[in-house]
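The structure appears right after this line, and notes come after that.
Number of protein chains: 2
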Amino acid sequence: MRLVLNSPFDMHLHLRDNEMLENVAPLSSIYFRGGLVMPNLTPPIFSKDDVLSYKKRILKASKCDDFEPFMTVFYSKELNVEKLQQLKDYIKAVKLYPAGVTTNSESGLSELDFSAMRDVLDFMSNNNIPLSIHGETNGFILDRESEFAPIFENLAKEFPKLKIIMEHISTTTLANLLDKYENLYATITIHHLLFTLDDLLGERLNPHLFCKPIVKTYKDRETLLNLALNAHEKVSFGSDSAPHTKSSKECANGSAGIFSSPIALLCLAELFEKHNKLDNLQKFVSDNAKKIYDIELSNKEVVLVKKDFLVPENYGTVVPMFANKTISWSYE
Amino acid sequence: MRLVLNSPFDMHLHLRDNEMLENVAPLSSIYFRGGLVMPNLTPPIFSKDDVLSYKKRILKASKCDDFEPFMTVFYSKELNVEKLQQLKDYIKAVKLYPAGVTTNSESGLSELDFSAMRDVLDFMSNNNIPLSIHGETNGFILDRESEFAPIFENLAKEFPKLKIIMEHISTTTLANLLDKYENLYATITIHHLLFTLDDLLGERLNPHLFCKPIVKTYKDRETLLNLALNAHEKVSFGSDSAPHTKSSKECANGSAGIFSSPIALLCLAELFEKHNKLDNLQKFVSDNAKKIYDIELSNKEVVLVKKDFLVPENYGTVVPMFANKTISWSYE
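One line per chain: the protein sequences are W and X, in this order. The working numbering numbers the first residue of the first sequence as 1 and each following residue consecutively. The working numbering numbers the first residue of the second sequence as 1001 and each following residue consecutively.
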């Protein structure tokens, strides 16, 4: 069996910098037509110069000319309309992290004061710049995402013209907001479609499945699966693929993040096929994103075949999701 | 400040075998008057011969003559009255593991069929042998213990003369059974008094806090704290200290278990002092156990002093709880 995907997009992607960028960028660029690149470097991507120079480094590391890195800027308290005016032609979204909720989010916002943010958010509304949000509080690990729901609701109501992307949703609570507010959208990862807390720590502890937001319950997974398999039109695929070295995962103080980008499409094909929904995969990995993010690019065919693929033990210093396991789909 | 503990007991203890036994036995024997030693070796402790030879190895490894290893036998489906008759003078409890719920529990019971167990449980009732149970189902990780509650209730009702110990309780659900059934008792670990899921994985991932039953919510911790700090008379301290090598914890497939025995009393002193309950510590770590398990032994004073103690990075191959951290109490 052969499956042609037209221009798959990864709408939530961590490429890091330097050696790690060199290692992982080609593993996205070969299989995707583009990806929304997260700005949480150390220091984060704040300015137009940061954006342009990071994009240049990504393109160089990508080693192919048919991958478009959609750039984002980090929403710090220094962001203002003047800076956005300079940035707007070079970014696809603004990424907002509440301070401290994930890797390199220390410069994020410690208070979400909408009145202080009004000028920026109005400008984004008027210029059709989506606001991507890591929607978690600093509460108890399992409640963090659900506790953020009222903030999404207030934001959606206060800024009805603002396109708000709820990133890597992991709960039924946030999923339920999609049909309630016209201007709320979401991305979903492959790992939140596949795993629950039981996979992370139900038997032994697998640090390579440790991520933020944490994988959750069977009910949450079921809800997300329904959205993805039916290619809900307000949801795009975003891997949240986040490379960390093996030594920073298998240690006493492990980093959060799952590295899935090189195998994400294979896993999705396997999952959609299992549920007899292969016909919807094109929408989930591309068509929806095109509409949500106004993407217009030449086509790139990525062809999958029904053939076993043994996931490598590592890609350079990074251990991927499903290392040493077999997936029933390969790239042609 | 100086705190004299008379004969502290650790009523749930893993000493393993061979090199690991040599490493950890002295770290319990020096600070405790005795401990209930779990039988989940590979293969488990099944027979009188197993018990006697394991006890001999423990005593040898303990390197002191004032530590009493209270022996247990593993409840497999081969256990019967005849075997128990031979065992009864050499064991302090029978330990029941539902199959597959924790380290080396594969030989445990896959079905808890009370009618098939009746002869054994009646014999134990009549001979005052406690039944210690790891009370978890094979369900979703966070629900496993609560799902086991009806089994404890049925067992308590069916065998009203049987002393049933709910081991290392981690939830309000099981805690609430203590006052409902006269014949239900419990042990509580130091880590379930100190930690929640947030400590295990709320920020970064700490495999040295990965254990079964998993640490849970703030509410659960609060419930357990209330039982311990008030030295509820049906509750004993049991560390569930479970040594694993550093390499089997900091890896892609980590073992469950927290190694706390050498510092458990120090942590308890710090915790009870913080809550102004130091006066109750003697009951929690000794007096209650004496009554529940009918322990009659000469006294052993273990003296703590209010003085900083830097927890070692490792004890041999094992990383302890609070490695490299400072506790405000030391052994004299």
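Glycine included, C-beta positions come from ideal geometry on N, C-alpha and C. Computed from a prediction, not measured in an experiment: that's the story for all the values here.
Cutoff 6 Å; reference Met-1020 of chain X; Cβ partners in own chain excluding five residues on either side: Here the question's residue 1020 of chain X lines up with position 20 in the second sequence. For Met-1020 of chain X, where only same-chain residues beyond five positions count, the Cβ hits under 6 Å are Pro-1243.
Taking the Cβ atom as the reference point for each residue, do Glu-1332 of chain X and Val-1305 of chain X lie within a distance shorter than 8 Å? To locate residue 1332 of chain X, count along the second sequence from 1; it is residue 332. To locate residue 1305 of chain X, count along the second sequence from 1; it is residue 305. The answer is yes: Cβ separation under 8 Å.
Chain X contact for Thr-217 of chain W (CB, 8 Å cutoff): Taking the first sequence and counting its residues from 1, one reaches residue 217 of chain W at position 217. Yes, its Cβ sits closer than 8 Å to a Cβ of chain X.
Do you know whose CA, among X:Lys-1063, X:Asn-1023, X:Glu-1082, X:Ala-1093, lies nearest Pro-1039 of chain X's CA? Residue numbering aside, residue 1039 of chain X sits at position 39 when the second sequence is read from its first letter. Checked all of X:Lys-1063, X:Asn-1023, X:Glu-1082, X:Ala-1093; the closest Cα to Pro-1039 of chain X is X:Ala-1093.
Which residue or residues does DSSP assign as beta-bridge partners of Pro-338 of chain W? Absent from the model: residue 338 of chain W. The displayed extent of chain W is 1 to 332, so no value can be given.
Using 10 angstroms around the beta-carbon of Ala-289 of chain W, count the other beta-carbons present and answer buried if the total reaches 16, otherwise exposed. Along the first sequence, read from residue 1 onward, the residue named residue 289 of chain W stands at position 289. It is buried - the Cβ of Ala-289 of chain W has at least 16 other Cβ atoms within 10 Å.
Chain W within 8 Å of His-1208 of chain X, Cβ atoms only: In the second sequence, counting from the first residue as 1, residue 1208 of chain X sits at position 208. True, the Cβ-Cβ gap to chain W drops below 8 Å.
For Ser-132 of chain W, the three-state DSSP class (helix, strand or coil): For the purposes of this step, residue 132 of chain W is identified with residue 132 of the first sequence, where counting begins at 1. In this structure, Ser-132 of chain W counts as strand in the three-state DSSP scheme.
Whose CA, out of X:Lys-1161, X:Lys-1307, X:Ser-1261, X:Asn-1206, lies closest to the CA of Asp-1010 of chain X? Along the second sequence, read from residue 1 onward, the residue named residue 1010 of chain X stands at position 10. Ranking X:Lys-1161, X:Lys-1307, X:Ser-1261, X:Asn-1206 by Cα distance to Asp-1010 of chain X puts X:Ser-1261 first.
Give the secondary structure of Pro-98 of chain W by DSSP, where H, G and I count as helix, E and B as strand, and everything else as coil. Position 98 of the first sequence holds residue 98 of chain W. In the structure shown, Pro-98 of chain W sits in a strand (DSSP, three-state: E or B).
Measure the C-alpha to C-alpha separation of Glu-78 of chain W and Gln-282 of chain W and round it to an integer number of angstroms. Numbered from 1 along the first sequence, position 78 holds the residue referred to as residue 78 of chain W. Numbered from 1 along the first sequence, position 282 holds the residue referred to as residue 282 of chain W. C-alpha separation (whole angstroms): 39 Å.
Entirely within the region 137-196 of chain W and at least 3 residues each: give me those beta strand (DSSP E) ranges in chain order. 164-166, 184-188
Residues of its chain near Pro-1043 of chain X, where Cβ-Cβ distance is below 8 Å and the 5 sequence neighbours each way are ignored: Counting from 1 along the second sequence, the entry for residue 1043 of chain X is found at position 43. Answer for Pro-1043 of chain X: Ser-1107, listed in chain order.
For Asn-226 of chain W, three-class secondary structure by DSSP: For the purposes of this step, residue 226 of chain W is identified with residue 226 of the first sequence, where counting begins at 1. Correct three-state label for Asn-226 of chain W: helix.
Round the Cβ separation of Ala-264 of chain W and Ser-239 of chain W to the nearest angstrom and send it over; I've been treating them as touching at under 8 Å. The count along the first sequence starts at 1 and reaches residue 264 of chain W at position 264. The count along the first sequence starts at 1 and reaches residue 239 of chain W at position 239. Going by Cβ atoms, the distance from Ala-264 of chain W to Ser-239 of chain W rounds to 5 Å, so yes, they are a contact pair.
Express the C-alpha separation of Asn-314 of chain W and Pro-1312 of chain X in angstroms, rounding to a whole number. For the purposes of this step, residue 1312 of chain X is taken as residue 312 along the second sequence, with counting starting at 1. For the purposes of this step, residue 314 of chain W is taken as residue 314 along the first sequence, with counting starting at 1. Pro-1312 of chain X and Asn-314 of chain W: Cα-Cα distance of roughly 33 Å.
Anything in chain W within Cβ reach of Asp-1256 of chain X, meaning under 9 Å, just list it in chain order. Reading the second sequence from its first residue, position 256 is the one you call residue 1256 of chain X. For clarity, residue 1256 of chain X is Ala in the given sequence; the question names Asp instead. Under the 9 Å cutoff, chain W gives Leu-201, Glu-203, Arg-204, Leu-205.
Using only CA atoms, which one of W:Gly-135, W:Gly-139, W:Glu-158 lies nearest to Ile-188 of chain W? On the first sequence, position 188 is the one that residue 188 of chain W refers to. With distances taken between Cα atoms, Ile-188 of chain W lies closest to W:Gly-135.
Residues near Val-1318 of chain X in its chain [Cβ-Cβ closer than 6 Å; skip 5 each side]: The sequence position of residue 1318 of chain X within the second sequence is 318, counting from 1. Counting only Cβ-Cβ distances below 6 Å, and skipping sequence neighbours, we find Pro-1243, Phe-1259.
For Ile-58 of chain W, name the three-state secondary structure that DSSP assigns. Here residue 58 of chain W refers to the residue found at position 58 of the first sequence. Ile-58 of chain W: helix per DSSP, three-state reduction.
For Phe-1309 of chain X, the three-state DSSP class (helix, strand or coil): Looking up residue 1309 of chain X in the second sequence gives position 309. Reduced to three states, the DSSP call for Phe-1309 of chain X is strand.
How is Arg-1118 of chain X classed by DSSP in three states: helix, strand or coil? To locate residue 1118 of chain X, count along the second sequence from 1; it is residue 118. Arg-1118 of chain X: helix per DSSP, three-state reduction.
If you pair each beta-carbon of the region 1154-1162 of chain X with each one of the region 1108-1124 of chain X, do three or more pairs fall below 8 Å? yes
Within-8 Å CB hit, Cys-1251 of chain X to chain W: What you label residue 1251 of chain X is simply residue 251 of the second sequence in a count that begins at 1. Answer yes: the Cβ-Cβ gap between Cys-1251 of chain X and chain W drops below 8 Å somewhere.
Is there at least one Cβ from chain W nearer than 8 Å to Phe-1349 of chain X's Cβ? This structure does not reach residue 1349 of chain X, given that chain X is present from 1001 up to 1332, and the question cannot be answered.
Opposite Ile-1327 of chain X in the DSSP bridges: which residues? Taking the first residue of the second sequence as 1, we reach residue 1327 of chain X at position 327. DSSP output for Ile-1327 of chain X lists X:Phe-1309 as bridge partner(s).
Using beta-carbon positions only, say whether Leu-1201 of chain X and Phe-210 of chain W come within less than 8 Å of one another. Here residue 1201 of chain X is taken as the residue at index 201 of the second sequence, counted from 1. Here residue 210 of chain W is taken as the residue at index 210 of the first sequence, counted from 1. Cβ atoms of Leu-1201 of chain X and Phe-210 of chain W: closer than 8 Å.
Taking Cβ positions, are Val-302 of chain W and Tyr-31 of chain W nearer each other than 8 Å? Along the first sequence, read from residue 1 onward, the residue named residue 302 of chain W stands at position 302. Along the first sequence, read from residue 1 onward, the residue named residue 31 of chain W stands at position 31. For Val-302 of chain W and Tyr-31 of chain W, yes; Cβs fall inside 8 Å.
When the Cα of Ala-1061 of chain X is compared with those of X:Tyr-1075, X:Leu-1036, X:Asp-1049, X:Asn-1018, which residue comes out closest? Translated into the one-based positions of the second sequence, residue 1061 of chain X becomes position 61. For the residues X:Tyr-1075, X:Leu-1036, X:Asp-1049, X:Asn-1018, the minimum Cα distance to Ala-1061 of chain X belongs to X:Asn-1018.
What does DSSP give as the partner residue(s) for Phe-9 of chain W in the beta ladder? Translated into positions along the first sequence, residue 9 of chain W becomes position 9. DSSP output for Phe-9 of chain W lists W:Gly-34 as bridge partner(s).
If you compare alpha carbons, which of W:Lys-307, W:Leu-297, W:Gly-316 is closest to Asp-66 of chain W? Counted from its first residue, the first sequence places residue 66 of chain W at position 66. Ranking the options by Cα distance to Asp-66 of chain W, first place goes to W:Leu-297.
So for Arg-1221 of chain X, helix, strand or coil by DSSP? In the second sequence, counting from the first residue as 1, residue 1221 of chain X sits at position 221. Helix at Arg-1221 of chain X.
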